[in-house]
Amino acid sequence: MMLKTTTDPFVVQEISPRQTQLLQNIGELRIRAWSSVVPDAAQLTCWLDNYDATARHWAVFDGEKLIAAARMSIHAHLHEVPEPEVYVGCFPRPLPAPIASFNRLVVDIDYRRRGIAKTLDTLRLEAARHAHCASIVLATPSGLYRVRSLESLGFQCVGSGAPYQGPLFYVGLESKVLYLLFNDPI
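Quick note, the sequence shown lines up with residues 2 to 187 if you use my numbering.
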């Protein structure tokens, strides 16, 4: 698929977890992208986890250069999603399943604010719909611009989640929790 931003054409491609070199490149991009926010990120060379082997992945290329990536995993219960501790206490009752988790969205620092993240969100939203998911959750440490972009796609912000405890944990980095239901609101 060709992604046309205001001035630049990029190629968006779904990546299979079996494409191990591309997955490795995505893990390296995650570190490069987060290095501008989390000081300790530079100590790592790659950020992959067990969910990468079963999730769906999308990558955006500028020519041969990987410039953005996003992941979606599908789960029967909220406690099965990546970083479930972030969502504890955020919802008054269980979300309907299957639950899609949008996670690991990264855009190279030189390519931000061009609509790439929103395109990846839209692709994942359609993939969740085609997979017959009943709800979607995500947590983003990004600011108001990102939250507003997600709200324009139908997501609702429920506030701040519990602190993330993964490899890129950073004191003071607060995540906003958002969700979308394909039917009635919770």
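We treat Cβ as the ideally placed atom computed from N, Cα and C, and that holds for glycine. Values in this document were obtained by computation on a predicted structure and should not be read as measured data.
Worksheet item: Under the rule that 16 or more other beta-carbon atoms within 10 Å means buried, what is Ala69, buried or exposed?
Response: Walking along the sequence shown from the start, residue 69 turns up at place 68. Counting of Cβ neighbours within 10 angstroms places Ala69 among the buried residues, the total reaching 16 or more.
Item to complete: Any chance you could list the beta strand (DSSP E) runs of at least 3 consecutive residues sitting entirely within the segment 36-73, in chain order?
Response: With a minimum length of 3 residues, the continuous beta strand (DSSP E) runs that stay inside the segment 36-73 are 57-63.
Item to complete: Hey, could you find the ends of the beta strand (DSSP E) Ala140 is sitting in?
Response: Within the sequence shown, numbered from 1, the residue matching residue 140 stands at position 139. Start and end: 136-141.
Discussion item. Which residue wins for smallest C-alpha separation from Thr46, given the options Ile137, Arg31, Gln157, Leu67?
Written reply: Along the sequence shown, one-based indexing puts residue 46 at 45. Each of Ile137, Arg31, Gln157, Leu67 was checked against the Cα of Thr46, and the nearest Cα belongs to Arg31.
Discussion item. I need the DSSP call for Leu106, collapsed to helix, strand or coil.
Written reply: For this step, residue 106 is matched to residue 105 along the sequence shown. Strand.
Discussion item. Using CA atoms only, rank isn't needed, just tell me which of Val12, Ala77, Ala54, Leu67 is closest to Arg19.
Written reply: By one-based count along the sequence shown, residue 19 stands at place 18. Each of Val12, Ala77, Ala54, Leu67 was checked against the Cα of Arg19, and the nearest Cα belongs to Ala54.
Fill in: Residue range of the unbroken alpha helix (DSSP H) whose run includes Tyr1
Only positions 2 to 187 of the chain appear in this structure, which leaves residue 1 out of reach.
Worksheet item: Going along the chain, which residues of its own chain have a beta-carbon closer than 6 Å to the beta-carbon of Ser74, five neighbours each way excluded?
Response: Position 73 of the sequence shown holds residue 74. Sequence-distant Cβ neighbours of Ser74 in its own chain, meaning closer than 6 Å and more than five residues away, are Tyr52, Ala56, Ser102.
Practice prompt. Quick one: using the 10 Å Cβ neighbour count with 16 as the cut-off for buried, is Lys66 buried or exposed?
Written response: Indexing the sequence shown from 1 puts residue 66 at position 65. Exposed: under 16 other Cβ atoms inside 10 Å.
Worksheet item: Which residue comes first and which comes last in the beta strand (DSSP E) that contains Leu182?
Response: On the sequence shown, position 181 is the one that residue 182 refers to. Here the beta strand (DSSP E) through Leu182 covers 177-182.
Worksheet item: Going by alpha carbons, who is nearest to Ala140 out of Leu106, Gly116, Leu124, Arg114?
Response: Residue numbering aside, residue 140 sits at position 139 when the sequence shown is read from its first letter. In terms of Cα proximity to Ala140, the closest of Leu106, Gly116, Leu124, Arg114 is Leu106.
Practice prompt. Less than 8 Å between the CB atoms is what I'm expecting for Ile27 and Ala60, so what's the real figure, rounded?
Written response: The count along the sequence shown starts at 1 and reaches residue 27 at position 26. The count along the sequence shown starts at 1 and reaches residue 60 at position 59. Taking a contact as a CB-CB distance under 8 Å, the pair Ile27 and Ala60 counts as one, their CB atoms being some 6 Å apart.
Discussion item. Quick check: what's the CA-CA separation for Phe11 versus Arg115?
Written reply: Taking the sequence shown and counting its residues from 1, one reaches residue 11 at position 10. Taking the sequence shown and counting its residues from 1, one reaches residue 115 at position 114. So the two alpha carbons sit approximately 11 Å from each other.
Practice prompt. Assign Ile16 to buried or exposed, taking buried as 16 or more other Cβ atoms, counted over all protein chains shown, within 10 Å of its Cβ.
Written response: Working through the sequence shown from its first residue, we reach residue 16 at position 15. Answer is buried; the Cβ neighbour count reaches 16.
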